[in-house]
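> Straight run, no breaks: the sequence shown in our numbering ends on number 389. No residue lacks a Cβ here, since even glycine has one placed at the ideal position from N, Cα and C. My questions will all concern the structure given below.
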Amino acid sequence: MTTPDATARRTLVACAALMVGALTLTSCSGDAKADNKAGGSSSGVEIVISAKDGSAGASINSTGVKVSDGTLTEVKMTESATGAEVAGSVAKDGKSWKPGKRLERGTKYRISATAEGESGKTAKAASTFTTVSTDNSFIGTYTPDGGAEVGVGMPVSFTFDKAITDKKDVESHIEVTSSSGQKVVGHWFGAQRLDFRPKEYWKAGSKVTTKVDLDGVEGANGVYGVQDKTFTFTVGRSQVSTVDADTQTMKVVRDGRTVKTVPISAGSADNSTYNGQMVISEKFRQTRMNGSTVGYGGEYDIADVPNAMRLTTSGTFIHGNYWYDKGNPPFGKQGTSHGCVGLADVQGAGSDTNAKWFFDNSLVGDVVTVKNSPDKTVSPENGLNGWNMAWSAWTAGSAL
-10 MTTPDATARR TLVACAALMV GALTLTSCSG DAKADNKAGG SSSGVEIVIS
40 AKDGSAGASI NSTGVKVSDG TLTEVKMTES ATGAEVAGSV AKDGKSWKPG
90 KRLERGTKYR ISATAEGESG KTAKAASTFT TVSTDNSFIG TYTPDGGAEV
140 GVGMPVSFTF DKAITDKKDV ESHIEVTSSS GQKVVGHWFG AQRLDFRPKE
190 YWKAGSKVTT KVDLDGVEGA NGVYGVQDKT FTFTVGRSQV STVDADTQTM
240 KVVRDGRTVK TVPISAGSAD NSTYNGQMVI SEKFRQTRMN GSTVGYGGEY
290 DIADVPNAMR LTTSGTFIHG NYWYDKGNPP FGKQGTSHGC VGLADVQGAG
340 SDTNAKWFFD NSLVGDVVTV KNSPDKTVSP ENGLNGWNMA WSAWTAGSAL
């Protein structure tokens, strides 16, 4: 999971309620005031700075400048505290200006603008304002990233940084559509997570578009959305792999054809692996696994687990295993893990092993299904695993 416009997980940003101050001028110069009332001039220039002078709660995305009966000749925006200039651009027609990037929340800015009317007269306007505060806004992280290629099981998942009480309003301002024409429905897991998926896995090769219009949407009392974004990702080939805990094997099926059957070692009798459909949510060529972080005390702490892919939030992975008993390899014979699915590997993750092959041939969003384990079925909210919920129950969890 990444944060928007930065790492694998992206932050959802937009604006709070837009406060518009129309600044009307017909004079040749001088800063405008919101209450200026000038009339009778056929060459009047009207500059509108969207954030009213002295206001708080201004948009971090759509704050800008517009002009009618004239063209903008100069716009300058600065952070009041530091004097740092905020870069921006005037539209080709000269009628509007906007910042080059979103503004920071809870920050004081000043905009000054100059425009020229058809008669050659100029007018100026200025506004000093503060953007919506962190306390009065909510953001979210989402997965997958825009532009990503993912497996057929990948839901669109949002996690908000504040509890949402008006779930209907928030959900209604997020639209997920697929080029495949599949119907997509949201489901709330508690007050801060909202996932979207179709009834069946995404169609291979389809494009999924998410439009988020939370600009000014009140998600909770006095807390407004700060997001205005559209992103699209592509669904790759279909790959669903099935782990059979009885036979300790995994069958990899791609586009309906079995491409490989791999011996594995699932959970031991004391630490069995969850049953159910689990979606790969993260991939790590090497990662540390410490049992103390998932309730196993000091039973293990391995700094360089190779070819690891996360299946649940609680710590289930499918990964390479190089520390197995070389005199009695468990793969294809018995479960020996603490609940993960292990494949034969070597330290360093660099050799041609079953674990490396599976890692190299897997996408985030691919499905790994476990069957015949003595454990329970994984909870739908434990990872990106909503496929373990009947469609009727999934749709019942929508606020719409």
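1) Would you say the stretch 316 to 327 touches the stretch 249 to 265, given that touching needs at least three Cβ pairs under 8 Å?
2) Tell me the rounded alpha-carbon separation between V294 and G331.
3) In chain order, what are the residue ranges of uninterrupted beta strand (DSSP E) at least 3 long that sit wholly in the stretch 253 to 305?
4) So what does N361 bridge to, in DSSP terms?
5) Sorted by chain position, which residues of the same chain lie with C-beta nearer than 6 Å to E189's C-beta, five sequence neighbours on each side aside?
6) Using the Cβ count rule (16 or more neighbours within 10 Å means buried), how would you classify K55?
7) In the DSSP assignment, find the alpha helix (DSSP H) that holds K157 and state where it starts and stops.
8) What residues match up with D217 in a beta bridge as DSSP calls it?
9) May I ask which residues mark the beginning and end of the beta strand (DSSP E) holding D233?
10) For S122, collect the residues of the same chain with a Cβ closer than 8 Å to its Cβ; drop the 5 residues on either side in sequence, then sort them by chain order.
11) Measuring straight from C-alpha to C-alpha, what distance separates G33 and G89?
12) Would you report the Cα separation of A333 and T384, rounded to the nearest angstrom?
13) Quick check: what's the CA-CA separation for K360 versus G309?
14) When you compare only the Cα positions, how much space is there between M143 and T358?
15) Does DSSP put G375 in a helix, in a strand, or in coil?
16) Going straight from the alpha carbon of T366 to that of G375, what length do you get?
17) Throw me the rounded Cβ distance for the T219 and K200 pair, which I believe falls under 8 Å.
18) So, helix, strand or coil for N343, using DSSP?
19) Compare the Cα-Cα distances from F41 to each of E63, T60, G83 and Y98 and report the closest residue.
20) Does DSSP put S381 in a helix, a strand or coil?
21) Determine which residues share a DSSP beta bridge with N310 and list them.
22) Name the two residues that bound the continuous beta strand (DSSP E) containing H327.
23) On the criterion of 16 or more Cβ atoms from any shown chain inside 10 Å, does E63 qualify as buried, or is it exposed?
24) Using the DSSP secondary-structure output, state which residues sit across from E164 in a beta bridge.
25) Who are E74's beta bridge partners in DSSP?
26) I need the DSSP call for D184, collapsed to helix, strand or coil.
27) If K192 sits next to V224, beta carbons under 8 Å apart, how far is it from one beta carbon to the other, in whole angstroms?
28) What does the Cβ neighbour count give for S39, buried or exposed, with the cut at 16 atoms within 10 Å?
29) Less than 7 Å between the beta carbons of Q266 and V356, yes or no?
30) Just checking my contact of I269 with M239 at CB under 8 Å: how many whole Å lie between their CB atoms?
According to the structure shown:
1) A contact exists between the stretch 316 to 327 and the stretch 249 to 265.
2) Taking the Cα positions, V294 is about 10 Å away from G331.
3) Here the runs fully enclosed are 265 to 268, 271 to 279 and 290 to 299.
4) Residue pairing from DSSP leaves N361 without any beta-bridge partner.
5) Within its own chain, no residue has a Cβ closer than 6 Å to the Cβ of E189 once the five positions on either side in sequence are excluded.
6) With 16 or more Cβ atoms within 10 Å of its Cβ, K55 is classed as buried.
7) It spans K156 to S161 - the alpha helix (DSSP H) in which K157 sits, taken as one unbroken run.
8) Within the DSSP secondary-structure output, D217 pairs in no beta bridge.
9) Q228 to D233 is the span of the beta strand (DSSP E), which, as asked, contains D233.
10) Scanning its chain for C-beta atoms nearer than 8 Å, with the 5 sequence neighbours on each side dropped, one finds around S122 the residues A45, G46, R94 and G95, in chain order.
11) So the alpha carbons of these two residues sit roughly 29 Å apart.
12) The C-alpha of T384 is placed about 40 Å away from the C-alpha of A333.
13) Between K360 and G309, the C-alpha separation is close to 20 Å.
14) Roughly 14 Å separates the two Cα atoms.
15) In the three-state scheme derived from DSSP, where H, G and I count as helix and E and B as strand, G375 is classed as helix.
16) Approximately 12 Å, taken between the alpha carbons.
17) The Cβ separation is near 5 Å, so the contact holds.
18) The answer is helix: DSSP assigns N343 an H, G or I state.
19) It should be noted that the sequence gives Lys, not Phe, for residue 41. The residue from E63, T60, G83 and Y98 with its alpha-carbon nearest to that of K41 is Y98.
20) In the displayed model, S381 falls within a helix according to three-state DSSP.
21) According to DSSP, residue pairing for N310 in a beta bridge involves A333.
22) Here H327 belongs to no beta strand (DSSP E), and DSSP marks it neither H nor E.
23) Around the beta carbon of E63, fewer than 16 other beta carbons lie within 10 angstroms, which makes this residue exposed.
24) E164 is bridged to K200.
25) Per DSSP, T67.
26) Of the three classes helix, strand and coil, the one that applies to D184 here is strand, per DSSP.
27) About 7 Å separates the two Cβ atoms, so the contact holds.
28) A buried status is given to S39, since no fewer than 16 other beta-carbon atoms sit within 10 Å of its beta-carbon.
29) Cβ atoms of Q266 and V356: closer than 7 Å.
30) No, I269 and M239 are not in contact; Cβ-Cβ is about 13 Å, not under 8 Å.
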